[in-house]
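Here the numbering used here is used: position 222 in the sequence shown is 633, and no number is missing along the way. Beta carbons are placed, not taken as given, at the ideal position from N, Cα and C, and that holds for glycine.
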Amino acid sequence: MDDLQTADQAQGPGIVRRIVAFPLTLMIIEFFGFGIAASAASVALHKVVNEGTPGYFLGGLTVAVLAILIYLGARRWIERRANDELPMPLLLRELPLGLLIGAGLFTLMTGIVALMGGLAVERVNGMGALWAMLAMAVTSGTIEEILFRGILLRHIEAMLGTWAALAITSALFGLAHLANPGASLFAAFAIAMEAGILLSAAYLWKRRLWIPIGIHAAWNFTQGWIFSVPVSGSKAPEGLLVTTRNGPDWLTGGAFGLEASVIAMLVATAAGLVLLVRVVRQGGIRPPMWVKR
Numbered sequence: 412m413d414d415l416q417t418a419d420q421a422q423g424p425g426i427v428r429r430i431v432a433f434p435l436t437l438m439i440i441e442f443f444g445f446g447i448a449a450s451a452a453s454v455a456l457h458k459v460v461n462e463g464t465p466g467y468f469l470g471g472l473t474v475a476v477l478a479i480l481i482y483l484g485a486r487r488w489i490e491r492r493a494n495d496e497l498p499m500p501l502l503l504r505e506l507p508l509g510l511l512i513g514a515g516l517f518t519l520m521t522g523i524v525a526l527m528g529g530l531a532v533e534r535v536n537g538m539g540a541l542w543a544m545l546a547m548a549v550t551s552g553t554i555e556e557i558l559f560r561g562i563l564l565r566h567i568e569a570m571l572g573t574w575a576a577l578a579i580t581s582a583l584f585g586l587a588h589l590a591n592p593g594a595s596l597f598a599a600f601a602i603a604m605e606a607g608i609l610l611s612a613a614y615l616w617k618r619r620l621w622i623p624i625g626i627h628a629a630w631n632f633t634q635g636w637i638f639s640v641p642v643s644g645s646k647a648p649e650g651l652l653v654t655t656r657n658g659p660d661w662l663t664g665g666a667f668g669l670e671a672s673v674i675a676m677l678v679a680t681a682a683g684l685v686l687l688v689r690v691v692r693q694g695g696i697r698p699p700m701w702v703k704r
């Protein structure tokens, strides 16, 4: 009996398991499986809870937690890997750091645009759409980072290496925003540069998702609720500060919002490049799968 078990182990995993374990297969299974499940949870949230209530934020938080559990389940049962990307002990250390980076960068960029005459604060509005913006920030930050960095970037990197994965996922992230209201080719390019590079670099820096989730969530919340600016082309929400934007589209971002501003692209891309330098210096760049490691 021991000899039979040893022989089976020596043969290694079967062909089905080897096909499933290939990065391209894993990427397809996880991307579509997770995407469908997360979308269903988001749709359910909109149908069950009123946007103007604290319950809407709690519902959004629940969707984000479910998204994390689904992703960790895929890692455990499909990939058979431990949870090294969303470790709970590091939640309270890395998530706040990401929130600080995201809010700080968007505030800095908005301040520059204001100093150049592209944005003015009219009045303080109060709570406004606080609960809706909190829910949107939490769900979009979590779901999109798992999809684009946790699944696409990680698996493409395993096949094609870090640089190719960074370029491909940044381009895909930009293209994904083309369907949004007010989008243009420049808006997609700006998103690819500022968000694609920054968020990918934030993931590669620690090889964990808490920081990019925090950056993404805080970036969206700051522009939507603090400054009442359209989030990726969506209707301008009723936020804390009522603002008006005036000037050329290259400065204000036009109908898409400040994310399509040249200022936003320069500020966020510069921050992403700073993080990428750290990744390179710590030896975090991985070669394609055909290069011996």
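- In the structure shown, the three-state DSSP call for Leu652 is strand.
- C-alpha of Val532 to C-alpha of Ala525: approximately 9 Å in a straight line.
- The three-state secondary structure of Ala540, taken from DSSP, is coil.
- Three or more Cβ pairs drawn from the segment 564 to 578 and the segment 690 to 702 lie within less than 8 Å of each other, which places the two stretches in contact.
- The beta carbon of Asn494 sits closer than 7 Å to those of Leu483, Arg486, all from its chain and outside the five residues before and after it, given in chain order.
- Ile602 counts as buried, since at least 16 other C-beta atoms from the protein chains shown sit within 10 angstroms of its C-beta.
- The Cβ-Cβ distance between Ala540 and Trp630 does not fall below 8 Å.
- If you keep only unbroken alpha helix (DSSP H) runs of at least 4 residues inside the segment 450 to 502, you get 465 to 488.
- Between the beta-carbon of Trp542 and that of Gly665 there is about 28 Å, and that puts the pair past the 8 Å contact cut.
- Rounded to whole angstroms, the Cβ separation of Leu497 and Trp621 is 7 Å, and the two are in contact under 8 Å.
- For Leu686, the enclosing alpha helix (DSSP H) stretches over residues 673 to 692.
- Along the length of the segment 612 to 666, whole beta strand (DSSP E) runs at least 3 residues long occupy 652 to 656, reported in chain order.
- DSSP places Val431 within a helical segment (H, G or I) once states are collapsed to three.
- Cβ neighbours of Phe468 within its own chain (closer than 7 Å, five residues either side excluded): Trp542, Leu545, Ala546.
- Thr553 and Ala478 have their C-alpha atoms spaced approximately 7 Å apart.
- The shortest CA-to-CA distance from Glu605 to any of Pro465, Leu511, Ile674 is the one to Ile674.
- Residues Thr580, Phe584 of the same chain have their beta carbon placed closer than 6 Å to that of Phe559, with the five preceding and five following residues left out of the count.
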